[in-house]
Ligand SMILES: Cc1cc2nc3c(=O)[nH]c(=O)nc-3n(C[C@H](O)[C@H](O)[C@H](O)COP(=O)(O)OP(=O)(O)OC[C@H]3O[C@@H](n4cnc5c(N)ncnc54)[C@H](O)[C@@H]3O)c2cc1C
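In the working numbering, the protein residues as written are 893 to 1204.
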């Protein structure tokens, strides 16, 4: 996690509990990308250098869910959303294995599953070549990665390596020509004991053709996603959730017309996606092979967009 996520987690009321989900902290990242290895610090202020964090995903998810419960959210778990309840073109709830749940507003935060987008037939076309990440964990000692994570680009892809807990390292590999074999381990981590099997994830860039509509919003990866080199998928998931929450509150209080709220949300997200995608295209173009072999769509779009701020 980039340190930029901390003010958001403070707003959500979990900042004082982050130590319990943090396995390691680091002041920046080592980057070797079309040039000599360099250290990119996160920055700092009068209080000292800022630090990024390695959150343990299951613990972080549990912390956010606990916090949601504390604020009055009624949690149904497990409870997969299986279908959409609609009336005259307006989403009015969801169907689940435990029965129907009606709702004045449905928010899809299902990540790459994009269940609502699929159910409503909202397209989310690829905006990059197909990119599959393979990732895994290794236990042992690898001091070269103890001070900070490393991102190394080469002719055929990139590898991320980070210490995520004492004596536990995580790696992610994206190869442009397709994922490495399932038993592949980065050569520099061969001395470690693999923890579990490595896994794959589709990290192709996508943006929903419509991120909100009558009675529904999509947030996080369900709405838009880039590959992990963008390094703020979780920050975006949290920010889109907060923005959608503000807009939904405004709609339900009659302070914002539903159509306008949905349109403003989509425009904000699309602008953000275009700006980040353009930045990533420039970053990738520093790796000559990627630029030569891949065709990107046009990502020029509105830059410098700010989140919508509905009234209280
Ligand atoms: C290898 C890899 C490394 C990454 N590294 C980073 C990183 O360092 N920093 C960073 O910020 N981001 C990183 N990301 C991206 C980050 O993981 C995502 O952007 C982020 O998790 C998106 O959050 P989300 O809540 O939208 O979706 P998810 O975290 O995918 O959560 C979706 C949830 O919805 C549930 N769900 C799915 N379908 C249904 C259904 N029908 N009903 C009910 N629930 C359902 C799923 O079980 C899941 O719990 C990485 C991604 C990958 C693949």
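Every residue, glycine too, gets a C-beta built ideally from N, C-alpha and C. This structure is a prediction, so every number in the text was calculated from the model and none was measured.
With a cutoff of 6 angstroms, residue 1124 counts as near ligand 1, since its C-beta is closer than that to a heavy atom of the ligand. Collapsing the DSSP output to three states places residue 1122 in a helix. In the three-state reduction of the DSSP assignment, residue 1028 falls in the strand class, which pools E and B. A residue is called buried when at least 16 other Cβ atoms come within 10 angstroms of its Cβ; residue 967 does not meet this threshold and is exposed. Taking residue 1154 as the centre and dropping the five residues before and after it, the same chain places the C-beta of 1104, 1105 closer than 6 angstroms to its C-beta, in chain order. DSSP links residue 902 through a beta bridge to no other residue. Listed as beta-bridge partners of residue 923 by DSSP are 930, 1043. For residue 953, the enclosing alpha helix (DSSP H) begins and ends at 949 to 962. Within 10 angstroms of the beta-carbon of residue 931 lie fewer than 16 other beta-carbons, which makes it exposed. A residue is called buried once 16 or more other Cβ atoms fall within 10 Å of its Cβ, and residue 1042 is buried on that count.
Take residue 1127, set aside five residues on each side of it, and the residues of its chain with a beta-carbon closer than 8 angstroms to its own are 893, 894, 896, 897, 900, in chain order.
Residue 1173 and residue 991 have their C-alpha atoms some 45 angstroms from each other. For residue 1164, the three-state secondary structure derived from DSSP is helix. Nearest C-alpha to residue 1019 among 1036, 1100, 971: 1100. Taking 7 angstroms as the cut-off, the beta carbon of residue 934 is found no closer than this to the beta carbon of residue 925. With a threshold of 6 angstroms, the Cβ atom of residue 1113 counts as near ligand 1, since some heavy atom of the ligand is closer than that. Counting of Cβ neighbours within 10 angstroms places residue 1060 among the buried residues, the total reaching 16 or more.
With a beta-carbon spacing of about 15 angstroms, residue 1050 and residue 1028 fall beyond the 8 angstroms limit used to define contacts.
In the assembly as shown, residue 963 is an exposed residue. Its beta-carbon has fewer than 16 other beta-carbons within 10 Å.
The segment 1090 to 1097 makes contact with the segment 1022 to 1038, as at least three CB pairs between them are under 8 angstroms. Remark: C-beta atoms of residue 1040 and residue 921 approach each other more closely than 7 angstroms. Here the segment 992 to 1000 lies against the segment 1133 to 1153, with 3 or more beta-carbon pairs under 8 angstroms apart. Assigned with DSSP and collapsed to three states, residue 1002 falls in coil, not helix or strand. DSSP, reduced to helix, strand and coil, places residue 1179 outside both helices and strands of the structure shown, so it counts as coil. Each residue's CA atom was taken as its position, placing residue 1150 and residue 1138 some 12 angstroms apart. Using a Cβ distance threshold of 7 angstroms, residue 915 and residue 1056 count as a contacting pair. Going by beta carbons, residue 984 and residue 974 fall outside the 7 angstroms limit.
Placement of the Cβ of residue 1064 at a distance of less than 6 angstroms from at least one heavy atom of ligand 1 is found.
In this structure, the C-beta of residue 942 stays at least 6 angstroms away from each heavy atom of ligand 1. Comparing C-alpha distances from residue 1080 to each of 948, 953, 1054 shows the shortest one belongs to 1054.
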